[in-house]
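Here our numbering is used: the first residue of the sequence shown is 23, the next is one more, and so on. First comes the structure, then the notes that go with it.
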Amino acid sequence: MTAKGSSSAKDYWARLDGCDTANVPGNQPLNPLTLIHGEERFLVDRAVTAWRERARPAQLDVEMFDTPGRLDELRLAVAETPLFDPERALLVRDPPQLTGSAKRGGVDPPERLAAILSERAPTTILCLVAHVKVADRNPVLAAVKAMHGAVSFHPAVKGRDLRAWVEHEIAARQLRLASGSVEHLISVAGPDLGSIASELDKLVAYAAGRPLSMREVRAAVAGDEATGLYETLGDLLGSTPAKGAESIDRLLNDGRAGQYLLAILAGQIRDLVLAQAYIQTHGSASGLAASIGKPDWAAERLARQARSVPPALAAGWLRALHDADRKLKTGEISDTDGLRLTVLHAAAEVTAARKSPAR
23 MTAKGSSSAK
33 DYWARLDGCD
43 TANVPGNQPL
53 NPLTLIHGEE
63 RFLVDRAVTA
73 WRERARPAQL
83 DVEMFDTPGR
93 LDELRLAVAE
103 TPLFDPERAL
113 LVRDPPQLTG
123 SAKRGGVDPP
133 ERLAAILSER
143 APTTILCLVA
153 HVKVADRNPV
163 LAAVKAMHGA
173 VSFHPAVKGR
183 DLRAWVEHEI
193 AARQLRLASG
203 SVEHLISVAG
213 PDLGSIASEL
223 DKLVAYAAGR
233 PLSMREVRAA
243 VAGDEATGLY
253 ETLGDLLGST
263 PAKGAESIDR
273 LLNDGRAGQY
283 LLAILAGQIR
293 DLVLAQAYIQ
303 THGSASGLAA
313 SIGKPDWAAE
323 RLARQARSVP
333 PALAAGWLRA
343 LHDADRKLKT
353 GEISDTDGLR
363 LTVLHAAAEV
373 TAARKSPAR
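Spelled out as structure tokens, the structure:
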């Protein structure tokens, strides 16, 4: 899905901005059935946030269903009439029936979820979310379209589309930045849209309505190893954990200080452990951002990562990094070797955990 025809890429991103998750102007009624999907996680999460703001009932909050394998409980919620509110809002995050992982044992098939959609009560507002592109032949996608539901797709943003997106975000914040600022933002914070958005918010506070020179933009948006390490942690918890070790190698080969990278990675894994503890205690990620003092997009990313690795492994990584830091300071190991070995071991643990049969 890219900008085509007479419309520019900038116009394309403008059409996807704001709370228009249902592909209708924000002042029109919200479609009671919405599917939000795509590889660009930040845009998917932002669309979900906008949907929640519009769909939230007067009395109760939006009800969350995270990666449901069995769908009996969801079916009841979809079909029931609410007791306190005139409407009931349900958010279903990354169900395996959409992400392609429903072939595992004990998981209801996509056809089951598609059938449940037809049982939706008139008082139920339902949003399905997948942080992947839903296959064109998926029965759930076909059912949403057949029921005239809204489909919001957010593909990965690359190349010219990335530049157009950054330009649109700058205009939306009414920032006046010197020529070359877009390239600097992309080189420092890209291609992570969440990091770019965070840097732009920082520039808004710094500018206080005045134009910023290139020198001021460079000073405010300085290169930070943390951006590269977000990629490391994401790769480590992704489909190919060994890529996490590869990204660490790239950072070290670029001359980044191993001890500094170790400290930043330990901080990120500590946030991951805190997110896992919060979700385990509260049953969902609702309220996580406020609890750990992170922006919504960062809390959403932590919530996704928290579900992708056993808590015992994440806690073990944190202990391993602290041990590597101790050995580094006593001269038992070099800073680069300690970091490389820790991440390699973590990648091996993730791979082994996924191959182990579910208990």
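Cβ coordinates follow ideal geometry from the N, Cα and C atoms, glycine included.
Simplified DSSP assignment, three categories, for residue i
i, result
"Leu259", "coil"
"Asp318", "helix"
"Ile355", "coil"
"Leu340", "helix"
"Thr121", "helix"
"Thr145", "coil"
"Gly309", "coil"
"Gly360", "helix"
"Asp345", "helix"
"Thr254", "helix"
"Leu158", "Here residue 158 turns out to be Asp, not Leu, going by the sequence shown. Three-state result, Asp158: coil."
"Val331", "coil"
"Ala178", "coil"
"Leu402", "One cannot answer for residue 402 here, as it falls past the ends of the chain, which runs 23 to 381."
"Val372", "helix"
"Thr52", "Just to set this straight, residue 52 is Leu in the shown sequence, not Thr. Note: Leu52 maps to coil in three-state DSSP."
"Val243", "coil"
"Leu366", "helix"
Residue range of the alpha helix (DSSP H) that includes residue i
i, result
"Phe175", "Premise fails: Phe175 lies in the beta strand (DSSP E), 172-175, not in any alpha helix (DSSP H)."
"Phe207", "Per the sequence presented here, residue 207 reads as Leu, with Phe not at that position. Its alpha helix (DSSP H) spans residues 203-211."
"Gly216", "215-229"
"Ala297", "280-304"
"Pro79", "Per DSSP, Pro79 belongs to no alpha helix (DSSP H) and is neither H nor E."
"Lys167", "161-168"
"Lys265", "264-275"
"Asp130", "Note, Asp130: premise wrong, no alpha helix (DSSP H); not H, not E."
"Val100", "94-101"
"Ala194", "181-194"
Residue range of the beta strand (DSSP E) that includes residue i
i, result
"Glu109", "No beta strand (DSSP E) holds Glu109; DSSP gives it neither H nor E."
"Asp88", "85-88"
For residue i, the residue or residues it bridges with in DSSP
i, result
"Val151", "Ile58, Arg115"
"Leu234", "Leu199"
Whole-number beta carbon distance between residue j and residue i, since they are thought to touch under 8 Å
i, j, result
"Ile138", "Leu197", "Their Cβ separation, rounded to whole angstroms, is 45 Å, which puts Ile138 and Leu197 out of contact at 8 Å."
"Gln119", "Val162", "6 Å"
"Thr121", "Val154", "5 Å"
"Phe64", "Trp339", "Not really, about 25 Å apart at Cβ, beyond 8 Å."
"Thr146", "Pro51", "Incorrect: roughly 14 Å between the Cβ atoms, too far for contact."
"Asp357", "Leu284", "7 Å"
"Leu113", "Glu85", "7 Å"
"Leu225", "Ala242", "6 Å"
"Glu62", "Leu215", "7 Å"
"Ala264", "Ala346", "Between Ala346 and Ala264 the Cβ distance is about 19 Å, and since that is not below 8 Å, they are no contact."
"Thr89", "Cys149", "At roughly 15 Å, the Cβ-Cβ gap does not stay under 8 Å, so Thr89 and Cys149 are not in contact."
"Ala152", "Asp116", "6 Å"
"Ala101", "Ala143", "5 Å"
"Leu234", "Ala193", "About 14 Å; that fails the 8 Å criterion."
"Pro79", "Ala99", "About 13 Å separates the two Cβ atoms, so there is no contact after all."
"Leu350", "Ile291", "About 17 Å separates the two Cβ atoms, so there is no contact after all."
"Gly60", "Pro177", "6 Å"
"Asp67", "Glu322", "4 Å"
Task: Cβ pair count under 8 Å reaching 3, the region 195-212 against the region 310-324 - done: No, because fewer than three Cβ pairs between the region 195-212 and the region 310-324 fall closer than 8 Å, the two stretches do not touch.
Open item on the list: I want to know whether the region 68-78 touches the region 160-171 - three or more CB-CB distances under 8 Å.
Closed with: Contact annotation: the region 68-78 does not touch the region 160-171, with fewer than three C-beta pairs closer than 8 Å.
Open item on the list: Under 8 Å: do the region 268-287 and the region 350-366 share three or more Cβ pairs, one atom per stretch?
Closed with: The region 268-287 and the region 350-366 touch, with no fewer than 3 CB-CB distances between them shorter than 8 Å.
Task: the region 326-338 touching the region 295-303, judged by at least three CB pairs closer than 8 Å - done: Yes: the two stretches touch, three or more of their Cβ pairs being nearer than 8 Å.
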